[in-house]
Structures are given as C-alpha cells and as structure tokens.
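A short worksheet on the structure shown next.
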Amino acid sequence: MPKITYIEHNGKEHAVEVPAGWTVMEGAVKNRVPGIDADCGGACACATCHVYVDPAWKEKIPARTEMEESMLDFALDVKPESRLSCQIKVKPELNGLIVRTPKSQH
1 MPKITYIEHN GKEHAVEVPA GWTVMEGAVK NRVPGIDADC GGACACATCH VYVDPAWKEK
61 IPARTEMEES MLDFALDVKP ESRLSCQIKV KPELNGLIVR TPKSQH
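Mapping of the sequence shown onto our numbering: position 19 corresponds to residue 19, and the numbering continues sequentially without gaps.
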C-alpha cells in the first residue's frame, strides 16, 4: 500500500498508508490528518483540501484540470505546487509522496 506523508504547516508529519484507488484527500480525512477538511467530500467544489505537492513529485502526478484550476482561485496562499488533494488518485507509483498543508487551513 502506498505511503503518503502529510506535513502540517508547523512541520508535524503524518506518514499514512493509503490504498491505491483512494485520493490523497481520502487518505487524509480517513486518518484524521489536520488541515484537510474536504467540506465538499471530494467533489472538487470547495478547495478545503488544498495542499502543496513536494516539487520532487510534481512530474509524477497528472496536471491540474481546468476545474481544479478554477477551484484553486478560492484557496488562500496558492503557489505553483498547489493542488486539490481530492484530485490526486493514489497509485503504487506515488509511494513516498509528500504533501504539505497551508497555514491558512489550520
């Protein structure tokens, strides 16, 4: 099972095994990782699952969709590495993925 590391804005790490087929957001919510609220339940309609993908992983995940780009307009502190974690499907190749939560979501 792929392991995803979620890092809070204060540096606290949560290394979690997430089943392939789930999203990065589902892995966070089901393991009570702080900073990822997912108010819309993963429908790409709220931006409360905003994360920063570690730059080493940027090329290993699919590019943002137009819908995701639109939703990120509602997030605070958007950076080039910003993603909505509900839009990143976990697959075996993402074992070791590192994402950080923005300070604005804590």
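Note that the Cβ used here is the ideal one computed from N, Cα and C, for glycine as well.
Values in this document were obtained by computation on a predicted structure and should not be read as measured data.
Rounded straight-line distance, which links the Cα of residue j to that of residue i
{"i": "Ala75", "j": "His106", "result": "13 Å"}
{"i": "Gly35", "j": "Trp22", "result": "18 Å"}
{"i": "Gly42", "j": "Lys30", "result": "12 Å"}
{"i": "Cys46", "j": "Gln87", "result": "12 Å"}
{"i": "Val33", "j": "Glu17", "result": "12 Å"}
{"i": "Lys3", "j": "Glu68", "result": "24 Å"}
{"i": "Gly96", "j": "Met1", "result": "10 Å"}
{"i": "Ile7", "j": "Glu81", "result": "14 Å"}
Residue closest to residue i, alpha-carbon to alpha-carbon, out of the options
{"i": "Pro55", "options": "Thr65, Lys79 and Glu66", "result": "Lys79"}
{"i": "Arg83", "options": "Gly11, Ile7, Gly42 and Val53", "result": "Val53"}
{"i": "His50", "options": "Leu72, Asn95 and Glu17", "result": "Leu72"}
{"i": "Val24", "options": "Ile98, Lys103 and Ser104", "result": "Ile98"}
{"i": "Thr65", "options": "Asn10, Cys40, Cys44 and Leu94", "result": "Cys44"}
{"i": "Asp77", "options": "Leu94, Arg100 and Lys12", "result": "Arg100"}
Local Cβ density within 10 Å of residue i, reported as buried at 16 or more and exposed below that
{"i": "Glu59", "result": "exposed"}
{"i": "Glu26", "result": "buried"}
Whole-angstrom C-beta distance between residue j and residue i, which should lie under 8 Å
{"i": "Ala15", "j": "Thr5", "result": "5 Å"}
{"i": "Ala28", "j": "Ser70", "result": "Wrong, their Cβ atoms sit about 22 Å apart, outside the cutoff."}
{"i": "Lys91", "j": "His9", "result": "Not quite, the Cβ-Cβ distance comes to about 27 Å (not below 8 Å), so this is no contact."}
{"i": "Thr48", "j": "Ala63", "result": "Not really, about 21 Å apart at Cβ, beyond 8 Å."}
Per DSSP, cross-strand counterpart(s) of residue i
{"i": "Lys89", "result": "Thr23"}
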